[in-house]
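Numbering (our numbering), first residue to last: 326 to 494.
From the three backbone atoms N, C-alpha and C, an ideal C-beta is built for every residue, glycine too.
Structure, as structure tokens:
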Ligand SMILES: CC(C)(COP(=O)(O)OP(=O)(O)OC[C@H]1O[C@@H](n2cnc3c(N)ncnc32)[C@H](O)[C@@H]1OP(=O)(O)O)[C@@H](O)C(=O)NCCC(=O)NCCS
């Protein structure tokens, strides 16, 4: 399998916030955004791997800005790092001003997907080669995030999380 770049998985989903998708103060309901992000990230993971993909973990979500009813929301998802069978997908979420059309960053999120065969067994995926400075930063940090996620899921012993530990030493 030849290596790919993050831009080959780039997935942009733009949609509006409608009544019924909001909380009692008329901002987008957090669970609705999580589901939209899951779909966008799943498409990015599928574009990278060309396989069936399943969500293995939601590593990070920051709801920095409320997203009001009627907003136009854009989710930009890209695979930031590919491991053996798993991929980290990094998402930037933007809202668009109606009058100026200017986009403001509202949130960020990081999900992990695993490529699987028809029986749900993990399968190998292509490597990824980051190109831009931002892609390179996200690529490097993804290993620490994977280790943290595995430690929290009790799938890795804290003493084996070498790169993660190095942050605190
Ligand atoms: C995700 C899943 C396929 C992993 O299967 P598994 O038997 O644990 O397989 P492995 O231990 O070999 O892990 C496969 C990969 O996932 C990674 N992984 C597993 N759990 C993880 C977690 N919590 N965080 C980050 N990575 C994780 C492993 O590190 C491994 O990565 P690598 O091969 O790139 O090194 C399996 O747990 C599953 O099917 N979960 C349900 C998925 C699902 O239904 N999602 C929708 C939620 S409703």
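{"Item": "Alpha helix (DSSP H) segment containing residue 430, residue limits", "Value": "Note, residue 430: premise wrong, no alpha helix (DSSP H); beta strand (DSSP E) at 428-441."}
{"Item": "Closest residue to residue 436 among 453, 474, 430 (Cα-Cα distance)", "Value": "474"}
{"Item": "Proximity of residue 496 and residue 392 at Cβ, strictly below 8 angstroms", "Value": "Only positions 326 to 494 of the chain appear in this structure, which leaves residue 496 out of reach."}
{"Item": "Contact test: residue 444 Cβ vs ligand 1 heavy atom, cutoff 7 angstroms", "Value": "no"}
{"Item": "Own chain, CB closer than 8 angstroms to residue 396, minus 5 neighbours either side, in chain order", "Value": "341, 342, 353, 420, 421"}
{"Item": "Residue range of the unbroken beta strand (DSSP E) whose run includes residue 474", "Value": "Segment 458-477 is the alpha helix (DSSP H) holding residue 474; no beta strand (DSSP E) there."}
{"Item": "Inter-residue spacing [alpha-carbon to alpha-carbon] between residue 480 and residue 394", "Value": "40 angstroms"}
{"Item": "Per-residue burial, residue 493 [other beta carbons within 10 Å of its own, 16 or more giving buried]", "Value": "exposed"}
{"Item": "Nearest residue (CA-CA) to residue 438, options 405, 423, 461, 428", "Value": "405"}
{"Item": "Exposure of residue 430, with buried meaning 16 or more beta-carbon neighbours within 10 Å", "Value": "exposed"}
{"Item": "Selection from 356, 388, 402 that minimises the alpha carbon distance to residue 339", "Value": "402"}
{"Item": "Straight-line gap, residue 266 to residue 350 (C-alpha atoms, nearest Å)", "Value": "Any answer about residue 266 is impossible in this case: the structure gives the chain only from 326 up to 494."}
{"Item": "Reduced DSSP secondary structure (H/G/I, E/B, other) of residue 368", "Value": "helix"}
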